[in-house]
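If you're matching positions, the sequence shown starts at 1 in the numbering used here and goes up one per residue.
Beta carbons: idealized from backbone N, C-alpha and C, even for Gly.
If you're wondering where the values come from, they're calculated on a predicted model, not measured in any experiment.
In what follows, a structure is listed as structure tokens, so that the remarks can point back to it.
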Amino acid sequence: MGLAIAEHLATTQPASFSILLLEKNSAAGQETSSRNSEVIHAGIYYPVNSLKARLCVEGRRLLYQYCAQHDVPHRKVGKFIVAQQDEEEALAQILRNAAANGVEELTPVTTKELQRHEPLVRASHALFSSETGIIDSHAFMDSLLWRAQSAGVQFVPNTTVTRVTPEGSHFVVSTTSGSHGAEEVFKFRCSRFINAGGLHANDLATRIDGLDQTLVPRLYLVRGCYFSLNGKAPFRHLIYPVPEKAQKGLGIHATLDMAGQVRFGPDVEYIDTIDYHVADARREHFLQAVRRYYPALQPEQLQPDYAGIRPKLSSPEAGAADFMIQDASSHLLPGLVQLFGIESPGLTAALAIAKHTGDLLEL
Ligand SMILES: Cc1cc2nc3c(=O)[nH]c(=O)nc-3n(C[C@H](O)[C@H](O)[C@H](O)COP(=O)(O)OP(=O)(O)OC[C@H]3O[C@@H](n4cnc5c(N)ncnc54)[C@H](O)[C@@H]3O)c2cc1C
Numbered sequence: 001m002g003l004a005i006a007e008h009l010a011t012t013q014p015a016s017f018s019i020l021l022l023e024k025n026s027a028a029g030q031e032t033s034s035r036n037s038e039v040i041h042a043g044i045y046y047p048v049n050s051l052k053a054r055l056c057v058e059g060r061r062l063l064y065q066y067c068a069q070h071d072v073p074h075r076k077v078g079k080f081i082v083a084q085q086d087e088e089e090a091l092a093q094i095l096r097n098a099a100a101n102g103v104e105e106l107t108p109v110t111t112k113e114l115q116r117h118e119p120l121v122r123a124s125h126a127l128f129s130s131e132t133g134i135i136d137s138h139a140f141m142d143s144l145l146w147r148a149q150s151a152g153v154q155f156v157p158n159t160t161v162t163r164v165t166p167e168g169s170h171f172v173v174s175t176t177s178g179s180h181g182a183e184e185v186f187k188f189r190c191s192r193f194i195n196a197g198g199l200h201a202n203d204l205a206t207r208i209d210g211l212d213q214t215l216v217p218r219l220y221l222v223r224g225c226y227f228s229l230n231g232k233a234p235f236r237h238l239i240y241p242v243p244e245k246a247q248k249g250l251g252i253h254a255t256l257d258m259a260g261q262v263r264f265g266p267d268v269e270y271i272d273t274i275d276y277h278v279a280d281a282r283r284e285h286f287l288q289a290v291r292r293y294y295p296a297l298q299p300e301q302l303q304p305d306y307a308g309i310r311p312k313l314s315s316p317e318a319g320a321a322d323f324m325i326q327d328a329s330s331h332l333l334p335g336l337v338q339l340f341g342i343e344s345p346g347l348t349a350a351l352a353i354a355k356h357t358g359d360l361l362e363l
């Protein structure tokens, strides 16, 4: 989000602004943005008029344009959503929701058509989304950083924001920089401050003086593990089951990356601390979930791969929460925008979120 926002502001705003992009790690994109499915979502599932729905549909259109203009590797591979016997009504509901969200090109397909395209997939009903694609997310982030820097953004790695103090119409931002015990403290003033801290955004918000802390939502860390499939890809499209109840995740699906590698995931596991370990013991759970639509899968074909962690705003018992993007209309601190709960489809929506953030800043 930080990269997309910096690129957007630097390329659309007058040169009178100087923009600092502060990153606590040694490089950009080492956390959630490099631990996802790299799917460009069509915008099918999210509640009508939610930020997720609006920003996903707009973001997807912007992202395809951006990729074409700036040579970011991507492919509109398309995805099948496959339903089993008892899921026919759920599939019909998905189709209605997608239409209400303005999603183009989502069509029912017969099992015969599905078999023709994906002979190894089992389903009794299916939809095909031709607008769904895949992207090289690292190339996308590199491109955003390069364009932002070329337009004057200063990227400052190894620098953690530790405190933000409003002072008149400005913010005093305190940071620590450096690593290996040689840390230095810096302070600077700015007229706008954007908190796009991902998994740490909620914590950072607690370090903003004068911010009404009742507005800072509770963060739930929700790990999603992936298992990769050994050998040649058995599918040519992305294969998604009907989403799990209460939309905690989209269900353990099959994705392809730009190199043609098939991965299954992500599953859903509420955890207490940031921990990216993928336990081999989850193999059985993956096997059962995937065999519903790909019965030929054998346990030894699955290899534990990577995990990502969703910054969710809803408890295990509650329904799915929307993105939460706060500006002065809620917290009364002009110039401050905060992004909370930017889970999927955040990658797809990134360029639209950047535009939306720019609009909220009223530059
Ligand atoms: C398992 C999984 C699968 C997903 N799949 C998809 C998908 O297929 N398609 C899709 O559209 N979306 C997907 N997403 C969502 C997408 O990955 C995220 O929405 C997006 O990457 C979030 O980006 P971000 O910039 O908010 O967070 P991050 O990428 O985590 O960036 C936040 C940055 O802020 C820095 N930071 C934090 N605190 C501070 C501080 N105090 N000082 C300085 N720097 C700080 C961090 O170091 C980090 O680099 C998925 C997410 C997960 C977890």
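Residue i: beta carbon under 7 Å from a heavy atom of ligand 1?
i      : result
Ala28  : yes
Met258 : no
Pro299 : no
Lys52  : no
Glu104 : no
Arg282 : no
Glu131 : no
His331 : no
Lys112 : no
Thr206 : no
Ala196 : yes
Gly2   : yes
Asn49  : no
Val39  : yes
Gly346 : yes
Ser314 : no
Arg75  : no
Verify whether the separation of the beta carbon atoms of residue i and residue j is less than 8 Å.
i      : j      : result
Thr348 : Cys56  : yes
Val82  : Tyr270 : no
Phe235 : Ala254 : yes
Thr111 : Ala126 : yes
Between which two residues does the alpha helix (DSSP H) containing residue i stretch?
i      : result
Leu145 : Ser137 to Ser150
Glu113 : Thr111 to His117
Ala349 : Gly346 to Leu361
Ala320 : Note, Ala320: premise wrong, no alpha helix (DSSP H); not H, not E.
Gln288 : Arg283 to Arg291
Ile94  : Glu88 to Ala100
Glu343 : Premise fails: Glu343 is in no alpha helix (DSSP H) and is neither H nor E.
Taking the DSSP output, what are the residues bridged to residue i?
i      : result
Arg163 : Ser174
Thr255 : Arg263
Cys67  : Cys67 is not bridged to any residue.
Gly133 : Ile40
Val222 : Tyr270 and Arg310
Ala365 : Any question about residue 365 goes unanswered here, given that the chain covers just 1 to 363.
Phe227 : Phe264 and Pro304
Phe417 : Past the boundaries of the shown model lies residue 417; the chain is included only from 1 to 363, so the question cannot be answered.
For the beta strand (DSSP E) that residue i lies in, which residues bound it at each end?
i      : result
Ile309 : Leu302 to Lys312
Phe340 : Leu336 to Phe340
Phe235 : Where Phe235 is concerned, there is no enclosing beta strand (DSSP E), given that its DSSP letter is neither H nor E.
Is the beta carbon of residue i within less than 7 Å of some heavy atom of ligand 3?
i     : result
Ile44 : Ligand 3 is not part of the structure shown, which contains ligand 1 as its ligands.
Indicate whether the contact test is met: 3 or more Cβ pairs, each with one atom in the stretch 150-168 and one in the stretch 203-213, closer than 8 Å. yes
Check whether the stretch 276-289 touches the stretch 187-203, taking contact to mean three or more Cβ pairs, one atom from each stretch, closer than 8 Å. no
So, do the stretch 334-349 and the stretch 42-57 have three or more beta carbon pairs nearer to each other than 8 Å? yes
Three CB pairs or more closer than 8 Å across the stretch 129-140 and the stretch 25-36: yes
Can at least three beta-carbon pairs, one atom from the stretch 32-39 and one from the stretch 92-99, be found at a separation below 8 Å? no
How about the stretch 261-275 and the stretch 290-307: do they share at least three Cβ pairs that are nearer than 8 Å? yes
Taking contact to mean 3 or more Cβ pairs, one atom from each stretch, closer than 8 Å, check whether the stretch 38-45 and the stretch 111-120 are in contact. no
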